[in-house]
Amino acid sequence: GFSVVIPDFYKGDPWPHGNVPPQKDGTFPLGVEPADGMDCLVTWLMTAPVNRFDHNDELTKVKEYMVNECGCPQKFGMVGMCWGGKVSFTAARAGLVDAVATCHGSFLNKEDSAGTNVPMCLLNSREEPETYKTEILPVMDSKPF
1 GFSVVIPDFY KGDPWPHGNV PPQKDGTFPL GVEPADGMDC LVTWLMTAPV NRFDHNDELT
61 KVKEYMVNEC GCPQKFGMVG MCWGGKVSFT AARAGLVDAV ATCHGSFLNK EDSAGTNVPM
121 CLLNSREEPE TYKTEILPVM DSKPF
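See below:
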């Protein structure tokens, strides 16, 4: 079997699922000025301290706990949705995971795939930038796995 862990990178204050696309009269994370439109969500994604791409310290602790306290095997995979795609590739580049996948991975660039030396799965939506096809996928295709 497999164990699944979902770390709370948002420390209990995520963007509310019910407020996408953002509506001014909706619920917002602490410190976010209520506004209509996706610009509000994107600004939060780019500026909130919890939204940094490097969560390797937290992931290292999760991995140690799963191995030492739960008896899980030492192999780990990671799936990141949207912003989490960049987080998963960052973890892969640091050697924290043995495989990585992203669905509608945001903020990815050529260096993310070039620096990742584990199997990768990139599940794009039709809104992904053209650079995903022209820059990221060719690098992924050049890998031996």
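Take the sequence shown: its position 100, counted from the start at 1, is 100 in full-length UniProt numbering, and no numbers get skipped.
All C-beta atoms, glycine included, are put in the ideal place defined by N, C-alpha and C.
- State yes or no: is the C-beta of K86 within less than 8 Å of the C-beta of L108? yes
- Go ahead and label I6 buried or exposed: buried means 16 or more other beta carbons lie within 10 angstroms of its beta carbon, across all protein chains shown. exposed
- Message: Cutting at 6 Å between CB atoms, please list the residues of its own chain near V79, excluding the five before and the five after it.
- Response: A101
- Item | Pair within 8 Å by beta-carbon distance, P22 and L41 | Taking the C-beta atoms as reference points, L41 is found nearer than 8 Å to P22.
- Evaluate H17 with the Cβ neighbour count: other Cβ atoms within 10 Å of its Cβ, from every protein chain shown; 16 or more gives buried, anything less gives exposed. By the neighbour-count rule (16 or more Cβ atoms within 10 Å), H17 is not buried but exposed.
- Just reading off the alpha helix (DSSP H) that L59 is part of, what are its end residues? Membership of L59 in the alpha helix (DSSP H) is indicated by the continuous run N56 to N68.
- Message: So the candidates are E128, K133, L123 and L59; which of them puts its Cα closest to the Cα of A92?
- Response: A92 has its Cα closest to that of L59, out of E128, K133, L123 and L59.
- Task: State buried or exposed for G84, treating a residue as buried only when at least 16 other CB atoms are found within 10 Å of its CB.
- Result: buried
- Of the residues L30, N19, N51 and V62, which one's Cα is nearest the Cα of M38? For M38, the nearest C-alpha among the options comes from N19.
- Message: Looking at the secondary structure, which residues open and close the beta strand (DSSP E) in which T102 lies?
- Response: Bounds of the beta strand (DSSP E) holding T102 are A99 to C103.
- According to DSSP, is L30 helix, strand or coil? The answer is coil: DSSP assigns L30 none of H, G, I, E or B.
- Message: By alpha-carbon positions, which one of T43, K24, P14 and G105 ends up nearest to L30?
- Response: P14
- Task: Would you kindly report the start and end of the unbroken alpha helix (DSSP H) that includes V139?
- Result: L137 to D141
- Message: So, for C103: in the same chain, excluding its five sequence neighbours on each side, which residues have a beta-carbon less than 6 Å away from its beta-carbon?
- Response: Short of 6 Å from the beta carbon of C103, and not among the five residues preceding or following it, lie these beta carbons of its own chain, in chain order: M81 and L123.
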